[in-house]
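First to last, the sequence lines map onto chains A and B. With the working numbering, the residue at position 130 of the first sequence is 143, and numbering never jumps. With the working numbering, the residue at position 37 of the second sequence is 83, and numbering never jumps. Don't be surprised by glycine CBs; every beta carbon is placed ideally from N, CA and C. Since the model is a prediction, treat every value here as computed from it, not as a measurement. Heads up: the structure comes next, in structure tokens.
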Amino acid sequence: MLSLAAVSAGYGSFRALFDVSLDVEAGEAVGVIGPNGAGKTTMMRVISGLVPMDAGAMTFDGRSLDGLSAHRIVERGIAHVPENRRLFPRLTVEDNLRIGAFIPQARAKIAERMAWVYDLFPRLKERREQLAGTLSGGEQQMCAIGRALMSGPKLLLMDEPSAGLAPLVVQQVFDLVRRIRAEGLTVLIVEQNVQQVLEVVDRAYLLEVGRIHLAGSSAELKNNDLIRRSYMGL
Amino acid sequence: MNPPRAINPLHVAGIAALACLIALPFVTPAYFLHIVIQILLWGFIYTAWSIMGRFGFVSLGHGAFMGVGAYVPALLWNYEGVTPWLGIPAGVALSVLLAVVIGYPCFRFRVIGHYFALVTLALSEVVLRTITAARDITGGSLGMTQKLAGHSWYALQFPDKRYFYGIALVVWLGGLLVWRWVDRGIEREALEAISEDEEAAASLGIDVMREKLRVTVVSAALTSVGGSLFGQYLAYLNPETVSGIAVSLQIVFAAIAGGMYALLGPTVGAFLTIALNEGLRVWFGTNFIGAANTIYGILLILFIIFMPRGIMGVIENLRMPRRAPAPAPAE
């Protein structure tokens with residue numbers, strides 16, 4: 014479904030990604046794990062068109078994504094739940110969701126999708142009139158995911174959904190990921206919380222200093238010595 | 047079939063106010079009418095500025111669009127005999143071009159906030175200097191007088207102020223309609239999203255560039271029309287009064303004071319600034335020249351600290367006490 018082939022990218026003269034190749038099949042949940050500064054967020058931003066690619070190729074559903082601007086990529090069916098959620102704090106929950114359906118093909122279905130998101134996350138319905146900035150961390154994550162779902166994506170990119178959340182809330186967020194998978198969405202998730210993310214994804218890649226170092230199924234990675242030592246503290 | 051609509055007291059008040067405005071020129075002395083025309087024309091220009099300003103796109107360059115709008119039809123009329131009916135659209139076209147030339151690179155390279163304000167500040171000064179430097183045709187800082195044609199629709203000149211009053215009223219209402227049009231629909235939410243977090247907005251499928259350019263172009267075009275009508279009304283143009291930093295700052299001050307987030311806020315700002323100006327002139331005569339600017343400065347400081355949403359913002363908060371007070375605009 015999504016395929017990155019030898020993608021390199023960076024900011025100005027600083028290069029953050031080197032020859033990253035990665036595939037996500039329809040219906041899968043795939044994780045990208047790695048330490049701070051490994052390039053995980055940059056990779057997500059490249060996929061969603063926020064950072065230009067310096068070299069390599071990206072395809073989605075067999076069509077090239079090269080050089081598309083961010084709004085075109087959303088129109089192709091890729092939605093991005095950004096790091097730190099990036100809600101619009103001074104707008105209500107409902108307005109945040111509505112903005113998620115900005116692309117033309119989603120506008121006609123706003124009511125239907127909103128009902129679906131509220132169904133998925135009943136808590137958001139209770140909070141619909143509240144300003145997004147006043148939500149708790151877990152609720153904000155829900156709102157950010159809901160906002161991304163409003164565009165009707167086929168692939169959901171989730172950047173560090175557990176960052177900055179209390180352990181109990183982290184559990185809830187990973188439950189959200191399971192719920193989204195159950196809706197038939199394909200998910201690409203970037204996480205530092207390796208132990209947790211390997212419980213919800215089928216496969217994962219290890220990204221270190223801008224390069225893919227390891228790839229494998231969740232079960233394989235959970236038993237990999239390097240991962241156990243460096244990332245799970247076992 | 048539509049159910050019978052309930053009578054909204056606000057609509058009744060609006061219609062009554064409009065009726066008063068229509069009756070006004072027949073019952074007031076010329077001086078008073080002159081003040082009201084100025085309020086309407088400035089109110090229109092302040093509204094045009096606020097159409098983008100309220101989304102955090104603070105332009106200190108609207109004097110440029112006003113100057114272009116004022117000078118282009120006047121020059122075309124004086125030198126080529128072209129009717130302002132064509133000259134005004136020509137001014138709008140040039141203003142829109144300027145807006146795109148400045149706006150495109152700014153939006154492309156994410157020049158926002160203070161930096162955007164500084165770029166536009168430079169723009170308004172460039173236009174002022176250009177008008178002054180082209181003194182062979184514009185009269186430079188001495189200003190220029192339009193060739194008079196008496197009462198003429200073709201020349202858009204009317205010695206009888208009531209005609210300009212009518213034009214100003216229609217144009218001002220048109221400005222309010224454009225505001226409502228921007229407000230309707232999802233574009234407004236998109237602009238709010240952009241003003242809060244451009245990158246998040248882009249990642250949700252909003253074409254940040256297009257939305258920002260569109261609102262900038264609309265704002266510049268309206269400001270240009272306002273400048274044109276101001277020039278036609280006065281039949282005398284001076285670069286300092288229709289362009290440059292002073293005019294740009296006056297626009298920003300009035301919009302902030304009146305309340306740039308409310309439909310009628312900019313008009314209230316026009317009322318306030320013009321009443322202040324005229325009041326000071328009448329009270330102090332020529333004894334206290336420059337007092338208006340000093341008082342403006344003090345008021346601007348007070349407004350930004352204590353009433354960042356302006357007079358209309360305060361009134362709205364009083365009317366809707368249940369809603370949490372909206373936070374100050376982000377800089």
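- Between W225 of chain B and M71 of chain A, the alpha-carbon positions lie close to 42 Å from each other.
- Shown here, Y150 of chain B sits in a helix according to DSSP, grouped into three states.
- It is roughly 12 Å from the alpha-carbon of I60 of chain A to the alpha-carbon of D36 of chain A.
- At a C-beta separation below 9 Å, I232 of chain B has these neighbours in chain A: R111, I112, A114, F115, R120, I123.
- DSSP, read as helix, strand or coil, puts S243 of chain A in helix.
- Taking 9 Å as the cut-off between beta carbons, the residues of the segment 248–282 of chain B near chain A are A248, S249, L250, G251, I252, D253, V254, M255, R256, in sequence order.
- Looking at the DSSP output, S274 of chain B shares a beta bridge with no other residue.
- For R327 of chain B, the enclosing alpha helix (DSSP H) has its first and last residue at 311–330.
- Nearest to I341 of chain B by C-alpha distance, out of B:A116, B:L70, B:G311, B:I320, is B:I320.
- In the DSSP annotation of this structure, D188 of chain A is not part of any beta strand (DSSP E); the continuous alpha helix (DSSP H) holding it starts and ends at 180–195.
- Under the Cβ criterion of 8 Å, A239 of chain B is counted among the residues facing chain A.
- Note on S187 of chain B: under 16 other CB atoms within 10 angstroms of its CB, so exposed under the neighbour-count rule.
- Under the Cβ criterion of 8 Å, S61 of chain A is counted among the residues facing chain B.
- Taken in chain order, the complete alpha helix (DSSP H) segments of 4 or more residues contained in the segment 60–105 of chain B are 76–99.
- Residues of chain B whose Cβ lies closer than 7 Å to the Cβ of A83 of chain A are, in chain order, A248, S249.
- Any Cβ of chain B closer than 8 Å to the Cβ of E88 of chain A would place that residue at the interface, and such an atom is present.
- DSSP places F204 of chain B in the coil class of the three-state scheme, outside both helix and strand.
- Chain B has a Cβ within less than 8 Å of the Cβ of S164 of chain A.
- The alpha-carbon separation between L137 of chain A and Y131 of chain A amounts to approximately 6 Å.
- Your pair G62 of chain A and I86 of chain A checks out as a contact, with CB atoms roughly 4 Å apart and the cut at 8 Å.
- Chain A has a Cβ within less than 8 Å of the Cβ of A236 of chain B.
- Contact check for A39 of chain A against M57 of chain A fails: the beta carbons are separated by 8 Å or more.
- Taking each of B:G315, B:A316, B:F299, B:I357 in turn and checking the Cα distance to I344 of chain B, the smallest one comes out for B:F299.
- The way I'd put it, the segment 243–262 of chain B doesn't touch the segment 290–298 of chain B; fewer than three beta-carbon pairs between them come closer than 8 Å.
- According to DSSP, residue pairing for M66 of chain A in a beta bridge involves A:A22.
- Residues of chain B whose Cβ lies closer than 9 Å to the Cβ of D108 of chain A are, in chain order, E235, E238, A239.
- If you check the CB distance, P166 of chain A and L198 of chain A come in under 8 Å.
- E235 of chain B counts as buried, since at least 16 other C-beta atoms from the protein chains shown sit within 10 angstroms of its C-beta.
- Among the residues of chain B, those whose CB is under 9 Å from the CB of L104 of chain A are E235, E238, A239, E242, following chain order.
- In the pairwise beta carbon analysis, the segment 16–36 of chain A is classified as touching the segment 219–227 of chain A: at least three pairs are separated by under 8 Å.
- Looking at the DSSP output, A217 of chain A shares a beta bridge with A:G44, A:G229.
- Taking a contact to require three or more Cβ pairs closer than 8 Å, the segment 141–161 of chain A and the segment 100–116 of chain A qualify as touching.
- Excluding sequence positions up to five before and after Q153 of chain A, its CB lies within less than 8 Å of the CB of R98, L100, A145, all in the same chain and listed in chain order.
- For a Cβ distance threshold of 8 Å, nothing in chain B lies close to F27 of chain A: the least Cβ distance comes to about 18 Å.
- Under DSSP, H93 of chain A takes part in a beta bridge, and its partners are A:L170.
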